[in-house]
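Engineer: Every letter in the sequence shown is one number past the one before it in the working numbering, and letter 20, counting from 1, is 405. Each residue gets a CB set at the ideal place from its N, CA and C atoms; glycine is no exception. Since we're looking at a predicted model, the values are computed, not measured.
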Amino acid sequence: RVLCADAAVSASRLALVRAARGALGEGLRLMGLGAPDRM
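#1: Rounded to whole angstroms, what's the CA-CA distance from residue 421 to residue 391? Just pull it up for me.
#2: Pick helix, strand or coil for residue 403, following the three-state DSSP scheme.
#3: From residue 410 to residue 397, what distance separates their C-alpha atoms?
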């Protein structure tokens, strides 16, 4: 779960998801592959 009642926990989890998304996207770009907009 990403969203919960505690705003600080939710913000931290969303930041982690965004960082992972950026890292995966950059890795795929370096390999010359594209990432889907949505899963």
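Structural biologist: According to the data block:
#1: Position 36 of the sequence shown, counted from the start, is the residue given in the question as residue 421. Position 6 of the sequence shown, counted from the start, is the residue given in the question as residue 391. Residue 421 and residue 391: Cα-Cα distance of roughly 31 Å.
#2: What you label residue 403 is simply residue 18 of the sequence shown in a count that begins at 1. In the structure shown, residue 403 sits in a helix (DSSP, three-state: H, G or I).
#3: Taking the first residue of the sequence shown as position 1, residue 410 is located at position 25. Taking the first residue of the sequence shown as position 1, residue 397 is located at position 12. Residue 410 and residue 397: Cα-Cα distance of roughly 20 Å.
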